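Asker: From first to last, the protein sequence lines are chains C and F.
Numbers 1 to 469, taken from UniProt numbering, label the letters of the first sequence in order.
Numbers 1 to 336, taken from UniProt numbering, label the letters of the second sequence in order.
After the structure tokens below, expect a handful of questions from me.
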Amino acid sequence: MSLLSSQHRHVALALAEAGSVLRAGQYRTAVTRAAPAQKQSQSIGGVKRGRKEKWEKKMNQERAQRNRDIPKFTRYPESKLQIPKTKERPAILPEVFQPGSGHSLDLPLFGPSTLTAKSVGQATSFDTTQTNAAKVFGLPNKMHFEYRILSTPCSVIRDVTLKAIHTLDKAKGSSSKDHRIVLHGRAGSGKSFLLHQVVQYAQTQGWVVLYIPRAVTLVNSTNSYTYDIRTQTYLQPRASYLTLDKLYKANSALLSQLTLSRELVTEKLNIPAGTTLAEVAQAGIKDKSFTSGPVVLETVLKELETQTKFPVLVAVDDFQALFHNSAYKDPFFQAIRPHHLSLPRTFLEFASGQRTLANGVFIGALTESDTAYAVPLELKDALNLESRHPVSPYDKRDQVKLGYTEGLKGLKVPERMSTNEMAGLFSVWKDDMALTTDKYDELFMSKYVESDGNPRDFVWKGLLSTLSP
Amino acid sequence: MSLLRQCLRRAYTSAAAGPGAARSSPLDTVRTTLLNNKNASASAPTGTSSGDRGSPRQTPPSSPSFYTTRAVFYDQVAQLERAISTANHALRRAQLLPLPAFARESLPSMQTVWKSKEEMTADFQTKMTLSRYRKVTKLLNELNEYYRIAETAGVADISQKIYSIVSLFESAKKDAYLARGKRKPVVLDAYGRSYTVGKRKTSSARVWMIPVQQPAPPAEDSKAKAAPIPMTTILVNNIPLNEFFPLPADRERITRPLKVAGLIGKYNVFAITRGGGTTGQSGALAHGISKGIVAHEPDLEVLFRKAKLTRRDPRMVERKKTGFAKARKRYTWVKR
Chain C
1 MSLLSSQHRH VALALAEAGS VLRAGQYRTA VTRAAPAQKQ SQSIGGVKRG RKEKWEKKMN
61 QERAQRNRDI PKFTRYPESK LQIPKTKERP AILPEVFQPG SGHSLDLPLF GPSTLTAKSV
121 GQATSFDTTQ TNAAKVFGLP NKMHFEYRIL STPCSVIRDV TLKAIHTLDK AKGSSSKDHR
181 IVLHGRAGSG KSFLLHQVVQ YAQTQGWVVL YIPRAVTLVN STNSYTYDIR TQTYLQPRAS
241 YLTLDKLYKA NSALLSQLTL SRELVTEKLN IPAGTTLAEV AQAGIKDKSF TSGPVVLETV
301 LKELETQTKF PVLVAVDDFQ ALFHNSAYKD PFFQAIRPHH LSLPRTFLEF ASGQRTLANG
361 VFIGALTESD TAYAVPLELK DALNLESRHP VSPYDKRDQV KLGYTEGLKG LKVPERMSTN
421 EMAGLFSVWK DDMALTTDKY DELFMSKYVE SDGNPRDFVW KGLLSTLSP
Chain F
1 MSLLRQCLRR AYTSAAAGPG AARSSPLDTV RTTLLNNKNA SASAPTGTSS GDRGSPRQTP
61 PSSPSFYTTR AVFYDQVAQL ERAISTANHA LRRAQLLPLP AFARESLPSM QTVWKSKEEM
121 TADFQTKMTL SRYRKVTKLL NELNEYYRIA ETAGVADISQ KIYSIVSLFE SAKKDAYLAR
181 GKRKPVVLDA YGRSYTVGKR KTSSARVWMI PVQQPAPPAE DSKAKAAPIP MTTILVNNIP
241 LNEFFPLPAD RERITRPLKV AGLIGKYNVF AITRGGGTTG QSGALAHGIS KGIVAHEPDL
301 EVLFRKAKLT RRDPRMVERK KTGFAKARKR YTWVKR
């Protein structure tokens, strides 16, 4: 029995009675109360045991998920949404980031004064005149994107830049037969940038420059083509017209000092001998139907081959694309070979020495990043390029294409940028405020290691892809 | 005279003389007796005369436990108890006993591993049942406690003598047993390279790390260029890091241990990865690099443990279960 005293027992009993009364009262009031907020599912005709609870649980889960999709901040008051301001980091954008601020990198100009051994690792900007080769001829895709986000087009002077420029200076005055160079190296090592630097240097030194930044457009069937019985090749009228136009715009001053040695007579044109090449080009450009393009371009190029007054630089990026069968189709639906297309044939002949510039240089740059137009075996053989996989002597090599690789000399762009040069590249992006952190040395070291000294990876997958604080 | 009486007499005399007595202590005699008993064959009790049946005994038996079934066992136990008693007195004389609770708690652990029952059979010359074994180990544990106190206090004469007795009963596999479960220390080879293994999910990475050789500093020649900054090169399966791991996230995961340690540019890394996919292999490589850094710089071990870099990520792919579409995904609920 209970150990409570009689008095306590009495109280306990009384409480028990009161409790039961209370409970009874609650039950009675529950029935009369309004229906609860949560909807209870009803079963019609009977449902398996446990199904009703499962269904209700599922409905609740769905309701919670629907509410979760609506962002929480829609329910916050405006005062809570204001960005906290600190003295070091005010809540407004710095002036430099405001549009129209006119921020640009303050870099020395690319030229003979900045192309010294001391300036290796120094970033230099290019002039922005309308006749600049980059503006006229355009740039390779990846370079174009990079210059779009940089406030000033610039590039870093490297050891290999000085080497290439030295080669150019040595080749001045001699035939292009002895100076046919191909820039090769790992993907992203800076071949296109180097070629662009060489083109810019040649322009500053008074060379006639013909720069093809994207030779792949000549073989991937993006330009119109038509068969020409006279030359027995497929002409590319529009491409030739545009090339002629660009050649004229970039070198009008020099072309107006050269004259035509033989008259040019076509269906539409009758140009006497002695006219300046500038006027010849203009005549070709005037014909907007593109038909005169190929003929006039060919004439101008022939004239540039023979003259020795000005050195001529023919620079072709995506050079390996000229060795692939094009995407054009002949009437039998066979792929047209590149040497059967007018413009690619021209460049292949310059590259192989079948056509030579009396005073000039031919430079090509390979593109390792294009998987559709990879570097072919013939070029790998000619330039002794390293291959990831063993190359079999039984793999077929096209003899005609091999013929076009004769006498090509390779200039290897180093796999890794030196730390000095990389520091220059780093400072470009740092000064252009592209970095997310102020711990510069840690960022530099770690991104150099991660990219293994590869400039493209360092910038695109390193500096611009990191969110480290 | 019996050995026991001899020992007791010596104990009294040594006690009278004081702790600095220059004579063999009772603990030394205990040790020699234990060894003798162990090596003695359990036969030929001394003092019996052969051939004389009814003649009285000439010499008393060597030990008081002669007439027991397990003479050697009881002898050894008695010796151990004597050793405990002697050690106790010695420590009391040195004022190390009784030890207050706080001092006893602060004693460093000196865990020992006693011989197994089978091994002790040779020492005691009897089959060691569990109860006998427990009796012996209880005595040995008490002796070990006294050793612990003496060793910590630095009284070398007492602690060495106790250890000489305790070591007779320690297992040969003591070091191996105490080191079980602990990480094997990484040793640098003749060229200063560390070899470590990292794992993540089902990938494994074998990592060799060697310090970058610093070029000789240039002389005081103004023409010489400044020495280039030493840089880490990481080769994975003989391929540069940027070619093997195209994703920036994987690359950052791999360089994180070097960044945390602040040692980018100090070591070159060569690794062979196997198994799994890109994330698993990058995690395994990071784990291997962390262990390699700890091998080269032991001071960074605590930091790396705090940063969970040396921890092998235990997350693995969960198995599919019956009644579920995948590990956790349930089949579509159908109302009817």
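By construction, the Cβ of each residue, glycine as well, lies at the ideal position given by its N, Cα and C atoms.
Because the structure is a prediction, the values reported are computed rather than measured.
1. By the criterion of Cβ-Cβ separation under 7 Å, what are the contact partners of Gly265/F in chain C?
2. Considering only C-alpha positions, which residue in the set Ser352/C, Asp318/C and Thr124/C is nearest to His184/C?
3. Starting from Trp55/C, find everything on chain F with Cβ-Cβ shorter than 9 Å and list it in chain order.
4. Less than 8 Å between the beta carbons of Ala271/F and Val236/F, yes or no?
5. Here's the rule I'm using: 16 or more other beta-carbon atoms within 10 Å means buried, otherwise exposed. How should Arg28/C be labelled?
6. Could you tell me the boundaries of the alpha helix (DSSP H) in which Val77/F lies?
7. Taking CB distances under 8 Å as the criterion, tell me whether Ala466/C reaches chain F.
8. Write down every uninterrupted run of the alpha helix (DSSP H) in the stretch 43 to 79 of chain C whose length is 4 residues or greater and which is fully enclosed by it, in chain order.
9. Nearest chain C C-beta to Leu241/F closer than 8 Å, yes or no?
10. Could you spell out the range, first to last residue, of the alpha helix (DSSP H) harbouring Met120/F?
11. Select from Val316/C, Tyr147/C, Lys329/C and Gln130/C the residue whose C-alpha is nearest the C-alpha of Tyr227/C.
12. Which residue comes first and which comes last in the alpha helix (DSSP H) that contains Ala260/F?
13. Using the Cα positions of Lys412/C and His196/C, report the straight-line distance between them to the nearest angstrom.
14. Mind pulling the chain C residues with CB within less than 8 Å of Ile149/F?
15. Got a sec: is the Cβ-Cβ distance from Ser451/C to anything in chain F below 8 Å?
16. Among the candidates Thr371/C, Val312/C, Ser342/C and Lys246/C, whose CA atom is the shortest distance from the CA of Gly360/C?
17. Using the C-alpha atoms, what's the distance from Ala172/F back to Leu178/F?
18. Could you tell me the alpha carbon to alpha carbon distance between Gln26/C and Arg49/C, rounded to whole angstroms?
19. Name the DSSP bridge partner or partners of Lys412/C?
20. For chain C, find out if any of its Cβ atoms is closer than 8 Å to the Cβ of Pro185/F; answer yes or no.
21. If the cut is a Cβ gap below 8 Å, which residues of chain C does Pro248/F touch?
22. Quick check on Glu105/F: does DSSP put it in helix, strand or coil?
23. Is any beta-carbon of chain C found at less than 8 Å from that of Lys259/F?
24. Taking C-beta pairs closer than 8 Å, name the residues in chain C that Thr273/F reaches, listed in chain order.
25. Which one or two residues does DSSP pair with Lys329/C in a beta bridge?
26. I'd like to know whether the C-beta atoms of Ile165/F and Leu91/F end up nearer to each other than 8 Å.
27. Skipping 5 residues on each side, what residues in its chain have a beta carbon closer than 6 Å to that of Glu301/F?
28. To the nearest angstrom, how far is the alpha carbon of Gly353/C from that of Met433/C?
29. Just tell me which of Leu258/F, Val269/F, Gln213/F and Gly262/F has its CA closest to the CA of Ser238/F.
30. Interface residues of chain F around Thr419/C at Cβ under 8 Å?
31. Taking Cβ to Cβ, would you say Thr272/C is nearer than 8 Å to Glu263/C?
32. Rounding to the nearest angstrom, what Cα-Cα distance links Asn270/C and Val295/C in this structure?
33. Using a Cβ-Cβ cutoff of 7 Å, what residues of the stretch 383 to 399 of chain C are near chain F? List them in chain order.
34. State the CB to CB distance for the pair Asp457/C and Gly188/C, rounded to an integer number of angstroms; the pair is presumed to be in contact (CB under 8 Å).
35. Taking buried to mean at least 16 other C-beta atoms within 10 Å of its own C-beta, is Glu105/F buried or exposed?
36. Along chain C, which residues have their Cβ under 7 Å away from the Cβ of Thr255/F?
Answerer: Reading from the atomic positions:
1. Ordered by position in chain C, the residues that pass the 7 Å Cβ test against Gly265/F are Met445.
2. Nearest C-alpha to His184/C: Asp318/C.
3. Correct list: Trp333 and Lys335.
4. Going by beta carbons, Ala271/F and Val236/F fall inside the 8 Å limit.
5. Its pLDDT being 47, under 50, Arg28/C is placed unreliably in this model, and the value from its coordinates should be taken loosely. Arg28/C should be labelled exposed.
6. Run containing Val77/F: Ala71 to Arg93, per the alpha helix (DSSP H) assignment.
7. Per the sequence shown, residue 466/C should be read as Thr rather than Ala. Chain F contact via Cβ: present.
8. The alpha helix (DSSP H) runs of length 4 or more contained entirely in the stretch 43 to 79 of chain C are, from start to end of the chain, 51 to 69.
9. Taking Cβ atoms only, chain C reaches closer than 8 Å to Leu241/F, which makes this a yes.
10. Where Met120/F is concerned, the enclosing alpha helix (DSSP H) stretches over Lys117 to Phe124.
11. Nearest of Val316/C, Tyr147/C, Lys329/C and Gln130/C to Tyr227/C, Cα basis: Lys329/C.
12. Inspection of the sequence shows that residue 260/F is occupied by Val rather than by Ala. First-last of the alpha helix (DSSP H) with Val260/F: Pro248 to Ala261.
13. Taking the straight line joining both Cα atoms gives about 16 Å.
14. Within chain C, not a single residue places a beta-carbon under 8 Å from that of Ile149/F; the smallest gap is close to 51 Å.
15. Closer than 8 Å: yes.
16. Comparing Cα-Cα distances from Gly360/C to each of Thr371/C, Val312/C, Ser342/C and Lys246/C, the minimum goes to Val312/C.
17. Rounded to the nearest whole angstrom, the CA to CA distance from Leu178/F to Ala172/F is 11 Å.
18. Residue confidence is low: Gln26/C scores 47 on pLDDT, short of 50, so the model does not pin down where it sits. Its coordinate-derived value is still stated next. In this model, Gln26/C and Arg49/C are separated by some 29 Å (Cα to Cα).
19. According to DSSP, Lys412/C bridges with His184/C.
20. Pro185/F does not count as touching chain C.
21. The answer, in chain order, is Glu450, Lys461, Gly462, Ser465 and Thr466.
22. Note: Glu105/F maps to helix in three-state DSSP.
23. Yes, because at least one Cβ of chain C sits closer than 8 Å to the Cβ of Lys259/F.
24. Within 8 Å Cβ-Cβ: nothing; Thr273/F doesn't reach chain C, min ~16 Å.
25. The partner list for Lys329/C (beta bridge, DSSP) reads Ala335/C.
26. Cβ distance not < 8 Å, so Ile165/F and Leu91/F don't count as in contact.
27. Cβ within range, chain order: Val294.
28. In this model, Gly353/C and Met433/C are separated by some 47 Å (Cα to Cα).
29. In the sequence as displayed, the identity of residue 238/F is Asn instead of Ser. Out of Leu258/F, Val269/F, Gln213/F and Gly262/F, the CA that lies nearest to the CA of Asn238/F is found in Val269/F.
30. For the C-beta of Thr419/C, the chain F residues within less than 8 Å are, from N- to C-terminus, Pro228, Ile229 and Met231.
31. A quick correction: the sequence has Pro, not Thr, at residue 272/C. Yes, the pair counts as a contact, with Cβ atoms nearer than the cut-off.
32. Each residue's alpha carbon lies about 12 Å from the other.
33. From the stretch 383 to 399 of chain C, no residue has a Cβ closer than 7 Å to chain F.
34. So it is a contact: roughly 6 Å between Cβ atoms.
35. Burial call: exposed.
36. By Cβ distance, chain C contributes Ser446, Val449 and Glu450.
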